[in-house]
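Chains as they are written, first to last, in the numbering used here: chain W, 1 to 336; chain F, 1 to 336.
Here's the structure, in structure tokens; my notes come after.
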DNA sequence: TCATATTAGTAAAACGTTTTAGTGTGGTGA
DNA sequence: TCACCACACTAAAACGTTTTACTAATATGA
């Protein structure tokens, strides 16, 4: 019943040639290795007719490479990551690479484990949205000359390729938009993580306010604890909006904060309108369909994925170790 | 610079034992194989100190199993699938299984390729949301006695385990809700796919209307071509709502149709209220935050993932081939 | 005609494990 | 004293490839 999968040996036997010959043909080295066209055709026919597929595991063991790219994200169910994952998958697939992914939940421990696991599976390259405190693990990969590209989050202490957007510019742009609308009290809702791309969102916001108004009111900045339950965040936001009735604009530094924020406003029956504007980080259907429509800072997903995969492929195809490259794209302010 | 990864041979040499002994220790067979505790401890210390991790590729080649489960979905960027993927990943991880996934875009060809690819990587089990016309490929897997669980979509011609929800009941429930609200002209927006879980949504809708009203008006059913561009769908929906001003309730058979529908309504400036109710298939933040809130038929994601993974693990841990099992869960009507 | 090149292939080692079938030593019971 | 067993461990084959180093036969050039 359970028919064992064919091996190169079966094909060799059937074609009356050595397995070496079959291997050469499989790997397109037949001409180079002086295999006659007669034999090539005969063997290729058998391969096709029998539907033989070489065992990739054996191949990996022998060659040390797997044609697999490891993708490590914080949470695949976050729309930003799943969109990127899908795009990366498509593009990698076209180059004959597969993606194996895992979510870290932002735990350095899990990240460490995952890297080890991927290593023991001989993945060829790593695409990582790194958790904090994983610098050494990534450095270890770099020391082994594995192709690595970080995205979304950057680790400044590492000399590693990166694709992301300029968050200072993006949040400056958003805040400036509010300021040009003559908003007086612009709040920022962010998280209390000391990672570059979060800190930058704060910096851009602050800089815009200083540039336009000269002084900034720190009490309008809410830093929600990272990983806090949604309900708690909503409660905190309600309190902020109650205590600071003077707020006339809010910039949310992540998409889920914006969702919590809109939920809080809904529960308070406070409407978003010209007197109270909102901008969300990362775009999505939620914001487009909201009444009124919510402005958003969209990240260029397609381009991010494109750049990531091309950096990876370049490293993969070059024999020497390439210079690291940092690609900083611009976020787009979508005014609604 | 590039230090080669350690192998079992290095450990054996260092501990002055054979590689067999190290292997036994690694696999917890040390006691059973009469290895002295002195040796066990010595070897374990070296393994730990050197941070040795066995090469999984070699292990797979030798054992034929990989501790990897292949997950094949239509599109990982669809929130339903990414949510399920995340839950499955978590649960599998706890049992020491990894997930490798790919999106099929509902192409039988890609699906075939993927199965081959997974096979050549010796994945231990398959979780599949099957595309149409892939019955033979899945049957081939079953013939090889590979653990397979289908979800979301079912293929009636196959004797295979499945986890999904009762779509007849779900759409009946939704339609009945409308009928109890005395809705007179209930529309159904669905897609023109002849797959069970889509057809069932139509059947449940129709049955409810027949049960309550005796006759059904087929012109209130819109079957959008599968894979059609969003803009086109929106245009089609606008036309439906214009031509049939009598419609006072709409059931959308998928989440993306609901999103297109709400967009269409927004563009027409037609409001959702007590005179025009909407129910969406699959819940999400979009519907919760919409003004007014949109009722939805939620699928029990957590339970679906739980059932899938436990079916897979059961098959994986049992030596014989188990009877196939069909788990049909109930969707929940969330009235807002 | 002989040395050398070219053509058309192949044998065998290697990748890093697991597992089967041993081996050698010391102890025990009769 | 001998047969046997338990104990503690190991040699070597196997998984399915790729690749290096070879061979044997024919062709070429001087």
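All C-beta atoms, glycine included, are put in the ideal place defined by N, C-alpha and C.
Values in this document were obtained by computation on a predicted structure and should not be read as measured data.
Closer than 8 Å, CB to CB, is residue 15 of chain F near chain W or not? With a threshold of 8 Å between beta carbons, residue 15 of chain F makes no contact with chain W.
Residue 204 of chain F versus residue 158 of chain F: straight-line alpha-carbon distance, rounded: The C-alpha of residue 158 of chain F is placed about 23 Å away from the C-alpha of residue 204 of chain F.
So, residue 250 of chain F versus residue 286 of chain F, is the Cβ gap smaller than 8 Å? Not in contact: residue 250 of chain F and residue 286 of chain F (Cβ atoms no closer than 8 Å).
Going by DSSP, which residues form a beta bridge with residue 298 of chain W? Note: residue 298 of chain W sits in a beta bridge opposite W/332.
From W/140, W/156, W/197, W/15, residue whose alpha carbon lies closest to that of residue 47 of chain W: If you compare the alpha carbons of W/140, W/156, W/197, W/15 with that of residue 47 of chain W, the shortest gap goes to W/15.
How about residue 291 of chain F and residue 134 of chain W: do their beta carbons lie closer than 8 Å? A distance of 8 Å or more separates the beta carbons of residue 291 of chain F and residue 134 of chain W.
Strictly by DSSP, which residues pair up with residue 326 of chain W? Beta-bridge pairing links residue 326 of chain W to W/162.
Taking the beta strand (DSSP E) that residue 100 of chain W belongs to, which residues open and close that run? Element bounds for residue 100 of chain W: 98-103.
In chain order, what residues of the same chain lie with their CB nearer than 7 Å to the CB of residue 102 of chain W, ignoring the 5 residues before and after it? Taking residue 102 of chain W as the centre and dropping the five residues before and after it, the same chain places the C-beta of 72, 114 closer than 7 Å to its C-beta, in chain order.
Can you tell which of W/212, W/242, W/234, W/229 has its C-alpha closest to the C-alpha of residue 220 of chain W? It is W/242 whose Cα lies nearest to the Cα of residue 220 of chain W.
Would you list the residues sitting across from residue 126 of chain F in a DSSP beta bridge? Checking the DSSP bridge columns, you'll see residue 126 of chain F partnered with F/70, F/148.
Looking at residue 264 of chain W and residue 282 of chain W, is the spacing between their C-beta atoms short of 8 Å? Taking 8 Å as the Cβ cut-off, residue 282 of chain W and residue 264 of chain W do not qualify as a contacting pair.
Per-residue contacts from residue 101 of chain F into chain W (C-beta, under 7 Å): Simply 101.
Determine, using beta carbons only, whether residue 299 of chain W comes closer than 8 Å to chain F. It does not: the Cβ of residue 299 of chain W has no partner Cβ on chain F nearer than 8 Å.
Give a yes or no on whether 8 Å exceeds the smallest Cβ distance from residue 56 of chain F to chain W. Any Cβ of chain W closer than 8 Å to the Cβ of residue 56 of chain F would place that residue at the interface, and such an atom is present.
If the criterion is Cβ atoms closer than 8 Å, does the pair residue 6 of chain F and residue 124 of chain F meet it? Cβ atoms of residue 6 of chain F and residue 124 of chain F: not closer than 8 Å.
Relative to the C-alpha of residue 82 of chain F, which residue among W/77, W/333, W/236 is closest? Checking every option, the nearest Cα to that of residue 82 of chain F belongs to W/77.
Does residue 342 of chain W come out as helix, strand or coil in the three-state DSSP assignment? What is shown of chain W runs 1 to 336, which leaves residue 342 of chain W out entirely.
Got a sec: is the Cβ-Cβ distance from residue 207 of chain W to anything in chain F below 8 Å? No, residue 207 of chain W does not count as interfacial toward chain F.
Do you know how far the Cα of residue 245 of chain W is from the Cα of residue 118 of chain F? Using only the alpha carbons, I get a separation of about 57 Å.
Can you list, in chain order, the residues of its chain whose CB lies under 8 Å from that of residue 151 of chain W, leaving out five sequence neighbours each side? So the qualifying residues of the chain are 84, 127, 128, 129, 162, 163, 164, 304, 308.
If you run the structure through DSSP and keep just helix, strand and coil, what is residue 273 of chain F? Three-state result, residue 273 of chain F: strand.
Contact between the stretch 321-332 of chain W and the stretch 165-183 of chain W: three or more CB pairs below 8 Å? Three or more pairs of CB atoms, one per stretch, sit closer than 8 Å, so the stretch 321-332 of chain W contacts the stretch 165-183 of chain W.
Rounded to the nearest angstrom, how far is the Cβ of residue 199 of chain W from that of residue 253 of chain W, given a contact under 8 Å? That pair is no contact at about 10 Å.
What are the boundary residues of the beta strand (DSSP E) that residue 188 of chain W is part of? Where residue 188 of chain W is concerned, the enclosing beta strand (DSSP E) starts and stops at 186-191.
Kindly say whether residue 285 of chain F, judged by its beta-carbon, lies nearer than 8 Å to any beta-carbon of chain W. Taking CB atoms only, residue 285 of chain F has a neighbour in chain W less than 8 Å away.
For residue 154 of chain F, which residues from the same chain have a beta carbon less than 7 Å from its beta carbon, with the 5 sequence-adjacent residues on both sides left out? Non-local C-beta neighbours of residue 154 of chain F in its own chain, meaning closer than 7 Å and more than five positions away in sequence, comprise 162, 164, 196, 197, ordered along the chain.
When you compare each of W/143, W/90, W/299 to residue 340 of chain W by their alpha carbons, which one comes out closest? No answer is possible for residue 340 of chain W: it lies beyond the span of chain W, which begins at 1 and ends at 336.
Residues in the same chain with beta-carbon distance under 8 Å from residue 9 of chain W, minus the five sequence neighbours each way, listed in chain order, please. These residues qualify, in order along the chain: 19.
Using a Cβ-Cβ cut-off of 8 Å, state whether residue 91 of chain F counts as contacting chain W. No, no contact with chain W.
Tell me which residues of the stretch 72-85 of chain F have at least one Cβ-Cβ distance to chain W shorter than 7 Å, keeping chain order. Residues of the stretch 72-85 of chain F with a C-beta less than 7 Å from any C-beta of chain W: 75, 76, 77, 79, 82, 83, 85, listed in chain order.
Under DSSP, the beta strand (DSSP E) around residue 30 of chain F begins and ends at which residues? Counting along the chain, residue 30 of chain F falls outside any beta strand (DSSP E), and DSSP gives it neither H nor E.
Could I get the ranges of all uninterrupted alpha helix (DSSP H) runs contained in the stretch 35-64 of chain F, with 4 residues as the minimum, in chain order? DSSP runs (the alpha helix (DSSP H)) wholly in the stretch 35-64 of chain F: 37-50, 56-63.
Residue 52 of chain W to residue 273 of chain F, Cα distance in whole Å? Rounded to whole angstroms, residue 52 of chain W to residue 273 of chain F spans 60 Å at the Cα level.
Identify the continuous beta strand (DSSP E) that holds residue 250 of chain W and give its terminal residues. That run of the beta strand (DSSP E) goes 249-252.
Between the beta-carbon of residue 57 of chain F and the beta-carbon of residue 57 of chain W, is there less than 8 Å? In this structure, residue 57 of chain W lies closer than 8 Å to residue 57 of chain F by Cβ.
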